[in-house]
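Novice:
Chains as they are written, first to last, in this note's numbering: chain S, 17 to 337; chain F, 18 to 308.
#1: Beta-carbon within less than 8 Å of residue 45/S's beta-carbon, same chain only, minus the 5 sequence neighbours each way: which residues are those?
#2: Where do the ends of the alpha helix (DSSP H) carrying residue 238/S lie?
#3: For chain F, is any of its Cβ atoms less than 9 Å away from the one on residue 236/S?
#4: For chain S, is any of its Cβ atoms less than 9 Å away from the one on residue 58/F?
#5: What does residue 275/S reach in chain F if we use C-beta pairs closer than 7 Å?
#6: Measure from the C-beta of residue 311/S to each C-beta in chain F and report whether the shortest distance is under 9 Å.
#7: Taking just the CA atoms, how far does residue 107/F sit from residue 79/S?
#8: What is the DSSP secondary structure of residue 71/F, counted as helix, strand or coil?
#9: Going along the chain, which residues of its own chain have a beta-carbon closer than 7 Å to the beta-carbon of residue 127/S, five neighbours each way excluded?
#10: Mind pulling the chain F residues with CB within less than 9 Å of residue 5/S?
#11: Buried or exposed: residue 317/S, going by 16 or more other Cβ atoms within 10 Å of its Cβ?
#12: Roughly how many angstroms separate the alpha carbons of residue 149/S and residue 217/S, rounded to a whole number?
#13: Alpha carbon to alpha carbon, how far is residue 162/S from residue 315/S?
#14: Measure the alpha-carbon distance for residue 177/S versus residue 277/S and round it to whole angstroms.
#15: With a threshold of 8 Å, are at least 3 pairs of Cβ atoms found where one atom belongs to the segment 188-197 of chain F and the other to the segment 125-135 of chain F?
#16: Could you tell me which uninterrupted alpha helix (DSSP H) segments, each at least 4 residues in length, are contained entirely in the segment 85-116 of chain S, listed from first to last along the chain?
#17: Along the segment 214-226 of chain S, what residues have a CB closer than 7 Å to any CB found in chain F?
#18: Just mark residue 101/S as buried or exposed, buried being the case when its beta carbon has 16 or more other beta carbons within 10 Å.
#19: Confirm, please, whether the CB-CB distance from residue 149/F to residue 153/S is below 9 Å.
#20: Within 10 angstroms of its Cβ, does residue 164/F collect 16 or more other Cβ (buried), or is it exposed?
#21: What separation, rounded to the nearest whole angstrom, lies between the Cα atoms of residue 279/F and residue 235/F?
#22: Quick one: which chain S residues come within Cβ less than 7 Å of residue 141/F?
#23: Rounded to whole angstroms, what is the Cα-Cα separation between residue 239/F and residue 154/F?
#24: Please report the straight-line C-alpha distance between residue 260/S and residue 249/S, rounded to a whole angstrom.
#25: Give the residues from the segment 170-190 of chain S that approach chain F closer than 9 Å (Cβ to any Cβ), ordered along the chain.
#26: Grab me the residues of residue 119/F's own chain with a C-beta within less than 6 Å of its C-beta, minus the 5 sequence neighbours each way, in chain order.
#27: For residue 168/S, which of helix, strand or coil comes out of DSSP?
#28: Would you check if the distance between the CB atom of residue 272/F and the CB atom of residue 70/F is smaller than 9 Å?
So, in structure tokens, the structure goes:
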């Protein structure tokens, strides 16, 4: 495009500030980055406005004390973040989300790992297995909720339906339970459809991880006399740590904001109330934007605590590579 | 004697209980058992959708239809048709726009980087993980001001904007694999940014486009949250109609229609997935932030 002489002074200054290697690289292409920035700018503006701008705005609503549709935006100094805990349904919603997250994340992680472990050395019809474990991902929670609500029907044993009926037929009647309508552990049952939906994804991640471990490495360990179990324990598993981390992050953030699945299976019932559903109820049913925005902010903070360290770490790790 | 002592001191290689063939059989059997478990919901959906209204009852969920009936499918089609239409109107253009944007962004962030590109990329990526509830209330207000709320265009806009992070990520991770020498050579030949994109990057972008198109189509098709917050009767996609007819709040219990509706609403994504599953798989990998 243009010769390096037209480098704007500001850019040059920032060039000087970098390391020796970086400096040389930048001098060669200094003026060339501008069109790139221009091409990216519509997206930068869009993300800036729709993600960060609206998050700011949402926080503004959260501290506004605007608890109905007509009163003006004020400022309550964050009082709402404290008051929310006095709303009778809220502590339960948090508990439900945590129980759901624990069961879903651990369940999907363990099942996905197990499936990948069984497949990693190659198996007949692997593509077929993979496709069947993965297909639930292509289906919406709304659609799968229709059938899971049926399967997890809590009707008593004498007229059992769904999975309970299947258990009876298989002589496993003792497994029959009231599923998500159990007041204490219902959310654990609610995690089952989510595990069904996402464990194939975890399987795919782990399978790629397993295949990424060089065969030489395993062979070297075997030559040194390591048993097959030790090869896994000391050679393969450590290599899978990054996979586990990304799977944890992905499952965790899906789980904290679960909405569709709950709406499809249980609706807005108190027994399966979670923060994401609470936002919806506060905004649409109770007409309370401040409470809705406060709950949404709590959700954002929870996801942020999980995701931000991971993002910073992974971008930095990639740059060092 | 000497032979046994050396054998004892040397780390012994354990003899497996079963030969490799036996282990393989067991693994295969366990995997097959899981296939059965995974397909249970599908079985119930399919058999119930083909039952008549009288026969479609939870108590007979596990038996095959005595006489196969298409009534469920017919009434599912009648109820869902406007939603299916809207879903196509949202997902097809939405996926196309997302792919074009993602491709250009990914190109810039991998091959035409500017100072601070990593920071911008990280800020983009965070947008992928945010709970959309945290923007939904002001987003409703913003789209109302833009007179886009409740319209198909408004939904497309929202999907495209919040799809930028994942699309950029997939394309960026794909373009990183193009050798820098190729880009450098084009530069030496005097090609500018867009020229280089057109002549070198775009021709090899096929697989990444497939991944992004499938990914975006699927997530837009399956979306429920944006639809209930930002849609209206005229623009509701199939997920909302499905939830209205078959969701927990529904009063009428035409189980054959419910199950047929759930299947009908999932058919397009299932077809896309079955036909182009290979690319879908690659999309999943890219979604895992593996550079």
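Positions of the beta carbon are idealized from the N, C-alpha and C atoms, including for glycine.
Specialist: So, from the listed chains and residues:
#1: Working through the first chain from its first residue, we reach residue 45/S at position 29. For residue 45/S, the pLDDT reaches just 49, beneath the cut-off of 50, and the residue's location in the model is therefore unreliable, leaving the point undetermined.
#2: Your numbering for residue 238/S matches position 222 in the first chain. For residue 238/S, the enclosing alpha helix (DSSP H) stretches over residues 231-239.
#3: For the purposes of this step, residue 236/S is taken as the residue at position 220 of the first chain. For residue 236/S, the answer is no, since every Cβ of chain F falls outside 9 Å of its Cβ.
#4: Along the second chain, read from residue 1 onward, the residue named residue 58/F stands at position 41. At a cut-off of 9 Å, the C-beta of residue 58/F has a neighbouring C-beta in chain S.
#5: Within the first chain, residue 275/S is the residue found at index 259, counting from 1. What residue 275/S touches in chain F: 242.
#6: Start at 1 with the first residue of the first chain, and residue 311/S comes out as number 295. A Cβ of chain F is located within less than 9 Å of the beta carbon of residue 311/S.
#7: Stepping through the first chain from its first residue, residue 79/S is reached at position 63. Stepping through the second chain from its first residue, residue 107/F is reached at position 90. So the alpha carbons of these two residues sit roughly 34 Å apart.
#8: Taking the first residue of the second chain as 1, we reach residue 71/F at position 54. Correct three-state label for residue 71/F: coil.
#9: Counting from one through the first chain, the residue named residue 127/S turns up at place 111. Within the same chain, residue 127/S has close Cβ partners 211, 215.
#10: The structure shown does not extend to residue 5/S, since chain S is modelled only from 17 through 337, so no value can be given for it.
#11: Position 301 of the first chain holds residue 317/S. Answer is exposed; the Cβ neighbour count stays below 16.
#12: For this step, residue 149/S is matched to residue 133 along the first chain. For this step, residue 217/S is matched to residue 201 along the first chain. So the alpha carbons of these two residues sit roughly 8 Å apart.
#13: The count along the first chain starts at 1 and reaches residue 162/S at position 146. The count along the first chain starts at 1 and reaches residue 315/S at position 299. Using only the alpha carbons, I get a separation of about 26 Å.
#14: As a working mapping, residue 177/S is identified with position 161 in the first chain. As a working mapping, residue 277/S is identified with position 261 in the first chain. In a straight line, the C-alpha of residue 177/S is about 21 Å away from that of residue 277/S.
#15: With the cut-off at 8 Å, the segment 188-197 of chain F and the segment 125-135 of chain F touch.
#16: Runs found: 95-99.
#17: Under the 7 Å Cβ criterion, the segment 214-226 of chain S contributes 217, 220, 221, 224.
#18: Your numbering for residue 101/S matches position 85 in the first chain. Exposed, by the Cβ-count rule.
#19: The count along the first chain starts at 1 and reaches residue 153/S at position 137. The count along the second chain starts at 1 and reaches residue 149/F at position 132. Taking 9 Å as the cut-off, the Cβ atoms of residue 153/S and residue 149/F do not count as close.
#20: Mapped onto the second chain, residue 164/F falls at position 147. Label assigned to residue 164/F: exposed.
#21: On the second chain, residue 279/F is found 262 positions in, with the first residue counted as 1. On the second chain, residue 235/F is found 218 positions in, with the first residue counted as 1. Going from the Cα of residue 279/F to the Cα of residue 235/F covers about 15 Å.
#22: Counting from 1 along the second chain, the entry for residue 141/F is found at position 124. Within chain S, the residues 63 have their CB atoms less than 7 Å from the CB of residue 141/F, given in chain order.
#23: By 1-based counting over the second chain, the position of residue 239/F is 222. By 1-based counting over the second chain, the position of residue 154/F is 137. Roughly 21 Å separates the two Cα atoms.
#24: Position 244 of the first chain, counted from the first residue, corresponds to residue 260/S. Position 233 of the first chain, counted from the first residue, corresponds to residue 249/S. Residue 260/S and residue 249/S: Cα-Cα distance of roughly 15 Å.
#25: Against chain F - using a Cβ distance shorter than 9 Å - the residues of the segment 170-190 of chain S are 171, 175, 176, 177, 178, 179, 181, 182, 185.
#26: Counting from 1 along the second chain, the entry for residue 119/F is found at position 102. So the qualifying residues of the chain are 184, 185, 188, 229.
#27: Residue mapping note: residue 168/S aligns to position 152 of the first chain, counting from 1. Secondary structure at residue 168/S: coil, using DSSP grouped into helix, strand and coil.
#28: Locating residue 272/F in the second chain gives position 255, where the first residue counts as 1. Locating residue 70/F in the second chain gives position 53, where the first residue counts as 1. A contact, by the Cβ cut-off of 9 Å.
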